[in-house]
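**Q** Handing you a structure now.
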Amino acid sequence: MFLSGSKENVSPANGVPAVPAIPRVPSLPKSFSTDKLPTYRSNTPQPGRAAPMPRMLSADRIPTTGLTIPIRKRDELWSVFRALDGDYTKFASKSVAFKANVVRTTLLPFLRTYTTHPSNKTLRPEDLDRRANILNKWWTGLIEMLHGRNNQSISGTDRPVILDGISGIMERPEWRLAPSPFSPISQRMKGTASPRSRSTTSLSSATSEFLTESVHQNVRNIFVQNLSAQMAFVVDKMSLRNASASLVIFCGKACAYAFMFVPGMADVLTRLWDLQMDTLRRVLDGNGIGKFDDVASTTELIASNFPPALHQLGFHSLMKYMRKLRTPPPLPLGTANIEWWGQWLERWSGRESDLFYVFVKHFHILATDFLPSEASKKERMCAPGVLLVHAQILINLDATIHRDATQSQQDAAGLGAPPAFDDVLSGPDAVASALPLPPINAVRIMAENRLVMLIRDFLSERSAEHPVAREFFAESFNDLLHTTAKGTSLFDHAACYTLLDFLEEVLVILSRYEHISGKAIIDSAFWQSVCKKMISSHNTLTEIRLYAFLYTVWNTVVCDLGRKKNLCLGLLLDPEIFDSTFNHWCPMVRAYFMRLLCWRVGRYDGYPQEVDIVILETMLQRLHANWSHYLYLREDASKRRMLLPPTNPCNPAPGRRMLIIRTDSQIAPGNMSFLSFDGIVSPAAPSQPQLPVRRFSTLSHVVEQDSRADAPRSAPETDPVSTSEKSIGGFIRKMLGGSRARSKSQGPAQTRSFQAEPTARSGRSSIQAETTAKPPTPSAPVVTQHRNYLFKFSLEYHHNNKHVPGPMRLHPPRLPAPAQTFLQEHSKVAYAALRTAPTEPNGSSKSNARYCGRALAEWTLIVGECQSFFDRRKNEGVPGNKFVETPTLGVEVFKRPS
Numbered sequence: 001m002f003l004s005g006s007k008e009n010v011s012p013a014n015g016v017p018a019v020p021a022i023p024r025v026p027s028l029p030k031s032f033s034t035d036k037l038p039t040y041r042s043n044t045p046q047p048g049r050a051a052p053m054p055r056m057l058s059a060d061r062i063p064t065t066g067l068t069i070p071i072r073k074r075d076e077l078w079s080v081f082r083a084l085d086g087d088y089t090k091f092a093s094k095s096v097a098f099k100a101n102v103v104r105t106t107l108l109p110f111l112r113t114y115t116t117h118p119s120n121k122t123l124r125p126e127d128l129d130r131r132a133n134i135l136n137k138w139w140t141g142l143i144e145m146l147h148g149r150n151n152q153s154i155s156g157t158d159r160p161v162i163l164d165g166i167s168g169i170m171e172r173p174e175w176r177l178a179p180s181p182f183s184p185i186s187q188r189m190k191g192t193a194s195p196r197s198r199s200t201t202s203l204s205s206a207t208s209e210f211l212t213e214s215v216h217q218n219v220r221n222i223f224v225q226n227l228s229a230q231m232a233f234v235v236d237k238m239s240l241r242n243a244s245a246s247l248v249i250f251c252g253k254a255c256a257y258a259f260m261f262v263p264g265m266a267d268v269l270t271r272l273w274d275l276q277m278d279t280l281r282r283v284l285d286g287n288g289i290g291k292f293d294d295v296a297s298t299t300e301l302i303a304s305n306f307p308p309a310l311h312q313l314g315f316h317s318l319m320k321y322m323r324k325l326r327t328p329p330p331l332p333l334g335t336a337n338i339e340w341w342g343q344w345l346e347r348w349s350g351r352e353s354d355l356f357y358v359f360v361k362h363f364h365i366l367a368t369d370f371l372p373s374e375a376s377k378k379e380r381m382c383a384p385g386v387l388l389v390h391a392q393i394l395i396n397l398d399a400t401i402h403r404d405a406t407q408s409q410q411d412a413a414g415l416g417a418p419p420a421f422d423d424v425l426s427g428p429d430a431v432a433s434a435l436p437l438p439p440i441n442a443v444r445i446m447a448e449n450r451l452v453m454l455i456r457d458f459l460s461e462r463s464a465e466h467p468v469a470r471e472f473f474a475e476s477f478n479d480l481l482h483t484t485a486k487g488t489s490l491f492d493h494a495a496c497y498t499l500l501d502f503l504e505e506v507l508v509i510l511s512r513y514e515h516i517s518g519k520a521i522i523d524s525a526f527w528q529s530v531c532k533k534m535i536s537s538h539n540t541l542t543e544i545r546l547y548a549f550l551y552t553v554w555n556t557v558v559c560d561l562g563r564k565k566n567l568c569l570g571l572l573l574d575p576e577i578f579d580s581t582f583n584h585w586c587p588m589v590r591a592y593f594m595r596l597l598c599w600r601v602g603r604y605d606g607y608p609q610e611v612d613i614v615i616l617e618t619m620l621q622r623l624h625a626n627w628s629h630y631l632y633l634r635e636d637a638s639k640r641r642m643l644l645p646p647t648n649p650c651n652p653a654p655g656r657r658m659l660i661i662r663t664d665s666q667i668a669p670g671n672m673s674f675l676s677f678d679g680i681v682s683p684a685a686p687s688q689p690q691l692p693v694r695r696f697s698t699l700s701h702v703v704e705q706d707s708r709a710d711a712p713r714s715a716p717e718t719d720p721v722s723t724s725e726k727s728i729g730g731f732i733r734k735m736l737g738g739s740r741a742r743s744k745s746q747g748p749a750q751t752r753s754f755q756a757e758p759t760a761r762s763g764r765s766s767i768q769a770e771t772t773a774k775p776p777t778p779s780a781p782v783v784t785q786h787r788n789y790l791f792k793f794s795l796e797y798h799h800n801n802k803h804v805p806g807p808m809r810l811h812p813p814r815l816p817a818p819a820q821t822f823l824q825e826h827s828k829v830a831y832a833a834l835r836t837a838p839t840e841p842n843g844s845s846k847s848n849a850r851y852c853g854r855a856l857a858e859w860t861l862i863v864g865e866c867q868s869f870f871d872r873r874k875n876e877g878v879p880g881n882k883f884v885e886t887p888t889l890g891v892e893v894f895k896r897p898s
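Residue numbers for the sequence shown follow the UniProt record's numbering, beginning at 1 and rising by one.
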C-alpha cells in the first residue's frame with residue numbers, strides 16, 4: 001500500500017480500522033477557461049494581450065498502453081489565430097465607420113482561407129479552447145456592432161460585410177468537433193474507430209478526461225449562447241417593414257442553426273407555424289408512412305444521432321405528435337423578451353420574403369450531417385423536425401397552386417365597412433394597413449416564386465459541395481409536389497392552370513439535376529396520369545394550357561428516349577385521346593393540339609433515334625384512321641343525299657388567326673461591337689439598316705422576305721455612294737427614315753449580294769496588298785451566315801372578316817415533309833393511305849367524327865404552314881432543318897382588343 005505510511009491510516013487505540021484517505025481532486029490549470037464561462041455580452045473589449053503559445057506534449061505523459069494512439073500535434077494555425085486575436089484588438093479600438101474595413105481586411109480573408117484546413121478536425125483540447133475564445137471575441141463584438149450601441153448605425157454597404165463575418169464564424173468547425181453531440185455523424189464514427197483503454201486508477205487520466213469534457217462543454221455553451229443572442233436580433237429586424245436581401249439571408253441561416261442546436265428553440269419556432277393534422281397526414285402519406293405504421297424504433301435510432309435540442313421533435317405517432325404541438329413550450333434561456341408572435345411571422349411562415357426558404361436550405365444541409373448516408377424516405381421522415389418543415393413547405397406550395405382560392409377567402413374575411421374620408425385624413429397608414437393584401441409570394445410571376453427560386457438555387461452548381469443535401473431536398477420536394485397535385489381538384493381550372501405554370505418552371509430544374517446526379521427523380525408515370533385527368537375534365541382552358549405546357553417542356557422531356565416514347569404513345573397518340581382531341585369541338589383546342597403534333601411529335605431533323613420510326617408510324621396511322629372516318633361519312637352522305645361533312649377550316653377564335661411572328665431583337669455575332677438607334681451595327685458596315693419585325697403567317701402565300709444577313713452586308717461593298725452614310729447626314733437620314741439606305745437592301749440587291757461579295761473581298765485584298773506590301777492571301781470560300789431569331793405563335797385579331805375560309809378539297813393526310821420522306825424510305829406505313837378504305841366510326845369516335853372534315857382541313861394548313869416556315873428560313877441562310885427555330889407557344893388572352 002502506497003498510502004500505508006500516512007498518519008491518517010493509523011488505527012486508534014480501540015482497534016477500529018481507520019477509513020482510508022481520499023486523494024484530493026487536483027486543481028484545474030489556469031490555461032483553461034472552464035472556471036468562468038463567457039458572459040452574454042461584454043461591455044468592455046477584451047484585453048489585447050495575445051494568448052500564450054501552446055505547450056508541447058512531453059514524452060513522459062504519453063500513456064504506455066498496448067494500443068497505438070495517434071499523437072495530436074500542436075495547433076498548426078496557432079500563429080494565424082494569434083494574429084487574428086491581435087486584429088480583434090484593432091477592431092475594438094476603431095469607430096463604427098472603420099470597423100467594417102478591419103473585418104474586410106482580416107476576418108473575411110481568414111474565414112475564406114482556413115474553412116477546410118485539415119487541422120480543424122484534429123485539435124487538442126487546449127488548442128480548441130484558445131480557438132473558441134478568439135472566435136467568441138469576434139462573434140460577440142460583431143453582434144454588439146449589429147445591435148448599434150450608442151445610437152451608432154451601420155451603413156448599407158458595411159452591413160453585408162458584418163453579416164458575412166458572423167456567418168463565417170457561425171459555420172466554423174470548431175463549434176462542432178467530435179465527440180460533441182453537435183458534430184456530424186461521420187466525424188463521430190471516425191472518432192470511435194480506434195478504441196482506447198482508459199485507466200480507472202490513474203489520477204492524471206481522470207483529470208485529462210475531465211478537462212477535455214469541460215473544454216467541449218464550454219465550447220457548446222459559447223455556441224448556444226451566441227446563437228440565442230442572434231435570434232433576438234433576427235426577430236427584431238424581421239419585424240420591420242423593409243429588410244435587405246443580405247439581412248434576410250443571414251437571418252434565415254441563423255434560424256436554421258438556432259433551430260438545430262439551441263435547446264427549446266425548435267419547439268418555439270415550429271409552433272409558430274400552427275400546423276394542422278391534415279397537413280401532417282398528407283406529408284406522411286406522400287412518404288409512404290401509413291396511419292398504423294409503427295415507427296417508434298426507427299425514430300429512436302435516428303433521433304439519437306441528432307443534437308439533444310431536437311430530440312423532443314421525433315415522430316412516433318400522429319396523435320401524440322399533435323398533442324405535443326398543442327402544448328405551449330417553455331421559452332429558451334435568454335429569450336423571454338423576444339416578441340415571438342410579432343410581425344415577423346409573415347416572413348417566418350414563408351408568405352413574405354426569403355427568410356423561410358433560406359432556412360429550409362440550411363436546415364436540409366444541417367440535417368444531412370446527422371442522417372445515415374443511405375437513409376430511406378421513412379428514416380428521413382422520422383428525423384426530428386423534418387416532418388414539420390416539410391409540412392410548412394407543403395402549406396406554401398398549396399398557397400401557390402391555389403392562389404385564387406386563398407385570395408377569395410382573404411377578400412371575404414376582409415370585407416367590412418369602407419374607410420371614411422376622415423379616417424384617411426387622420427391616419428392614412430392605419431387605413432392602408434387595414435386593407436386586405438394578398439400574400440406577396442402567392443401573387444408573384446411563377447419564375448420569381450420563392451419556391452422556384454429555392455430549388456433553382458439549391459439544385460444548381462453553387463450548392464455542389466452538399467450532394468447528399470441536394471438529393472434529400474430534390475426527392476422530398478418531388479414528393480411534396482406529388483402531394484399537392486393529388487390535392488388539386490380536377491374541375492378547379494385556376495388551380496390546374498397554376499399547377500402547369502409551376503411545373504413548367506420546376507420540371508426543367510429537376511431534369512437538369514437528374515442529368516447531373518445520374519439519379520431519376522421525376523416520376524413520368526405519375527405526371528402522365530395527371531395529364532390524362534386534366535384532359536378528361538373537358539375544360540377547354542385546362543386542355544389548352546396542358547398542350548401549351550407540353551409544347552414548352554418538350555425538349556426537357558425528350559432527352560430521355562423512354563419518356564419520349566411513353567409521352568407520345570401513352571398520352572398524345574393514345575387512340576381515345578387522339579381521336580377526341582384531334583376532332584375536338586373547340587377550334588382553339590384543335591389548333592394547340594395540332595401544332596403540338598406537327599412541331600414537336602412529327603418534327604424530324606435528319607438524325608433518327610430508336611423510337612422515331614415507331615412514333616411517326618403510330619402518328620400516321622391515327623391520321624389515316626380519321627381519314628377513313630371522313631371517307632365513310634362522305635360516302636354515307638352521298639348515298640342519303642344529305643349535306644357532305646364540312647371541310648371548312650376554322651379559325652382558333654372568331655376573328656382571330658394564329659400567326660408566326662418574330663419577337664426578338666437582332667443578336668450580335670462575335671465581331672459586333674456597338675449599338676445605334678437602328679440596333680446592333682457592325683463596325684465594318686455602320687450603315688446597315690435595322691430590318692423591321694414583320695408579322696407573317698405561312699398559311700397564306702406571301703412574298704418571301706428579304707435576307708436578313710446577306711443583303712445588308714453587301715450594300716456598303718457594292719455601292720460606293722454608301723460611304724456617305726458614315727457622316728452625320730447619313731445618321732440623321734436614318735433617323736428620319738430616308739429611303740436611300742432602305743432601297744439598297746431591297747429588290748435586286750438581295751440577288752446581287754451572293755455574287756458581289758467575292759468581288760468586294762478580292763478588291764479589299766488587293767488594296768491591302770498595296771498598302772502593306774505583303775503577298776495577297778487567297779480569299780476564303782463564301783460561307784452564308786445566318787442569325788438565330790426568336791419566333792412565337794401569336795393569336796392576332798383579323799380585321800377583315802370577309803375572307804372566311806371556304807371548303808377545301810381534302811387529300812390523304814401527311815406528316816411534315818421531312819418526317820414523311822423519312823417514313824417513305826424506312827417504312828411501308830407511308831403508302832397505306834393510298835389503300836385506306838372507308839371505316840364506320842364506333843363508340844366515342846362516332847360523336848367526334850362530325851368534326852373530322854374540319855380537323856383534316858386544319859391539319860393540312862398547319863403542315864403547310866410548317867413547311868413554308870422551314871423553306872423561308874432556309875432561303876434566309878439557315879443551313880439545315882436542325883437549325884430552324886421552333887416558335888414558342890403560349891396561352892394568350894382571348895378577348896377582343898379594344
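We treat Cβ as the ideally placed atom computed from N, Cα and C, and that holds for glycine.
Which residues does DSSP pair with M658 in a beta bridge?
**A** Here residue 658 refers to the residue found at position 658 of the sequence shown. Looking at the DSSP assignment, M658 forms a beta bridge with L795.
**Q** Report the three-state DSSP secondary structure of T327 (helix, strand or coil).
**A** Taking the first residue of the sequence shown as position 1, residue 327 is located at position 327. DSSP places T327 in coil when its eight states are reduced to three.
**Q** Report yes or no: do the region 228-244 and the region 279-293 share at least 3 C-beta pairs separated by less than 8 Å?
**A** Touching, no.
**Q** How many Å lie between F883 and H798 at the Cα?
**A** Mapped onto the sequence shown, residue 883 falls at position 883. Mapped onto the sequence shown, residue 798 falls at position 798. The straight-line gap from Cα to Cα measures roughly 31 Å.
**Q** Could you tell me which of L546, H117, F477 sits nearest to V589, measuring between CA atoms?
**A** Within the sequence shown, the letter at position 589 stands for residue 589. It is L546.
**Q** Between F81, L111, T105, S119, which has its C-alpha nearest K73's C-alpha?
**A** Taking the sequence shown and counting its residues from 1, the one referred to as residue 73 is at position 73. Of the candidates F81, L111, T105, S119, the one whose C-alpha sits nearest the C-alpha of K73 is S119.
**Q** Beta carbon of V601, beta carbon of K565: below 9 Å?
**A** The sequence position of residue 601 within the sequence shown is 601, counting from 1. The sequence position of residue 565 within the sequence shown is 565, counting from 1. For V601 and K565, no; Cβs fall outside 9 Å.
**Q** Out of S349, C496, R82, P652, state which residue places its alpha-carbon closest to the alpha-carbon of residue 902.
**A** The displayed coordinates of the chain run from 1 to 898. Any statement about residue 902 would go beyond what the structure contains.
**Q** Quick one: what does DSSP say A653 is sitting in, helix, strand or coil?
**A** As a first step, residue 653 is located in the sequence shown; it is residue number 653 there, counting from the start. If DSSP states are grouped into helix, strand and coil, A653 belongs with the strands.
**Q** Between the alpha carbons of F526 and D479, how many angstroms are there, rounded?
**A** Residue numbering aside, residue 526 sits at position 526 when the sequence shown is read from its first letter. Residue numbering aside, residue 479 sits at position 479 when the sequence shown is read from its first letter. Spanning the two alpha carbons is a distance of roughly 11 Å.
**Q** Cα separation between R872 and S517?
**A** Taking the first residue of the sequence shown as position 1, residue 872 is located at position 872. Taking the first residue of the sequence shown as position 1, residue 517 is located at position 517. Their backbone Cα atoms lie some 41 Å apart in a straight line.
**Q** Quick check on DSSP: helix, strand or coil for T113?
**A** By one-based count along the sequence shown, residue 113 stands at place 113. Note: T113 maps to helix in three-state DSSP.
**Q** If I follow the unbroken alpha helix (DSSP H) through residue 900, where does it start and stop?
**A** No answer is possible for residue 900: it lies beyond the span of the chain, which begins at 1 and ends at 898.
**Q** Taking only three categories from DSSP, how would you classify E885?
**A** As a working note, residue 885 is residue 885 in the sequence shown. Residue state, collapsed to three classes: coil.
**Q** Output the boundary residues of the alpha helix (DSSP H) element that contains G140.
**A** Counting from one through the sequence shown, the residue named residue 140 turns up at place 140. Checking the displayed sequence, the identity of residue 140 turns out to be Thr instead of Gly. Residues 125-147.
**Q** If you drop the 5 nearest sequence neighbours on each side, which residues of the same chain put their C-beta closer than 7 Å to that of H402?
**A** Counting from one through the sequence shown, the residue named residue 402 turns up at place 402. Only A495 meet the Cβ criterion.
**Q** Output the boundary residues of the alpha helix (DSSP H) element that contains L561.
**A** Taking the sequence shown and counting its residues from 1, the one referred to as residue 561 is at position 561. Where L561 is concerned, the enclosing alpha helix (DSSP H) stretches over 561-567.
**Q** Please classify G168: does DSSP put it in a helix, a strand, or coil?
**A** Walking along the sequence shown from the start, residue 168 turns up at place 168. Three-state result, G168: helix.
**Q** Quick check on this structure: which residue in V614, E576, W78, D560 has the alpha carbon closest to the alpha carbon of D127?
**A** Here residue 127 refers to the residue found at position 127 when the sequence shown is read from its first residue. D127 has its Cα closest to that of W78, out of V614, E576, W78, D560.
**Q** To the nearest angstrom, how far is the alpha carbon of R450 from that of F359?
**A** Against the sequence shown, residue 450 aligns to sequence position 450. Against the sequence shown, residue 359 aligns to sequence position 359. If you take the alpha carbons of R450 and F359, they lie about 12 Å apart.
**Q** Starting from R101 and walking both ways along the alpha helix (DSSP H), at which residues does that stretch end?
**A** Locating residue 101 in the sequence shown gives position 101, where the first residue counts as 1. Reading the sequence as shown, one finds Asn at residue 101 and not Arg. Taken as a continuous stretch (DSSP letters only), the alpha helix (DSSP H) holding N101 covers 96-102.
**Q** Just verifying my parser: in three-state terms, what is the DSSP assignment at A254?
**A** For the purposes of this step, residue 254 is taken as the residue at position 254 of the sequence shown. Here A254 sits in helix by DSSP.
**Q** Exposed or buried, what is N875 when buried is set at 16 or more other beta-carbons lying within 10 Å of its beta-carbon?
**A** Within the sequence shown, the letter at position 875 stands for residue 875. Flag for N875 reads exposed.
**Q** Leaving out the 5 sequence neighbours to the left and right, which residues in its chain are closer than 6 Å to P263 when beta-carbon positions are compared?
**A** Your numbering for residue 263 matches position 263 in the sequence shown. Contacts found: A309.
**Q** Between which two residues does the alpha helix (DSSP H) holding E471 run?
**A** Reading the sequence shown from its first residue, position 471 is the one you call residue 471. Taken as a continuous stretch (DSSP letters only), the alpha helix (DSSP H) holding E471 covers 467-486.
**Q** My output table needs one value for V305: the three-state DSSP class, helix, strand or coil.
**A** The residue labelled residue 305 in the question sits at position 305 within the sequence shown. A small fix is needed here, since residue 305 is Asn in this sequence, not Val. Looking at N305 - three-state DSSP - the assignment turns out to be coil, as it is neither helix nor strand.
**Q** Quick one: using the 10 Å Cβ neighbour count with 16 as the cut-off for buried, is F421 buried or exposed?
**A** In the sequence shown, counting from the first residue as 1, residue 421 sits at position 421. Any reading at F421 must be qualified, since the residue scores a pLDDT of 40, below 50, and its modelled position is unreliable; no value is offered.
**Q** With DSSP as the reference, label Q528 as helix, strand or coil.
**A** Working through the sequence shown from its first residue, we reach residue 528 at position 528. The answer is helix: DSSP assigns Q528 an H, G or I state.
**Q** Y88: buried (16+ other C-beta within 10 angstroms of its C-beta) or exposed?
**A** Walking along the sequence shown from the start, residue 88 turns up at place 88. That one is buried.
**Q** Can you list, in chain order, the residues of its chain with a C-beta nearer than 7 Å to that of N881? Leave out the 5 residues immediately preceding and following it.
**A** On the sequence shown, residue 881 is found 881 positions in, with the first residue counted as 1. Counting only Cβ-Cβ distances below 7 Å, and skipping sequence neighbours, we find D605, G606, P818, F870.
**Q** If you measure from the beta carbon of G156 to each beta carbon in chain D, is any gap under 9 Å?
**A** Absent from the structure: chain D. Only one protein chain is present.
**Q** What's the gap between the Cα of C255 and the Cα of T115?
**A** To locate residue 255, count along the sequence shown from 1; it is residue 255. To locate residue 115, count along the sequence shown from 1; it is residue 115. Going from the Cα of C255 to the Cα of T115 covers about 21 Å.
**Q** How would you label A445, buried or exposed, when you count the other beta carbons within 10 angstroms and need 16 or more for buried?
**A** Taking the first residue of the sequence shown as 1, we reach residue 445 at position 445. Checking the sequence shown, residue 445 turns out to be Ile, not Ala. Per the 10 Å Cβ criterion, exposed.
**Q** For L272, which residues of its own chain have a beta-carbon under 8 Å away from its beta-carbon, when the five flanking residues on both sides are left out?
**A** Position 272 of the sequence shown, counted from the start, is the residue given in the question as residue 272. Cβ within range, chain order: W340, W341, L345, W348, S349.
**Q** Identify which residue in T821, A830, N651, P841 has its Cα closest to the Cα of L861.
**A** Your numbering for residue 861 matches position 861 in the sequence shown. Comparing Cα positions, the closest option is N651.
**Q** Buried or exposed for M642, please, with buried defined as at least 16 other CB atoms from any protein chain shown within 10 angstroms of its CB.
**A** Within the sequence shown, the letter at position 642 stands for residue 642. M642 comes out exposed.
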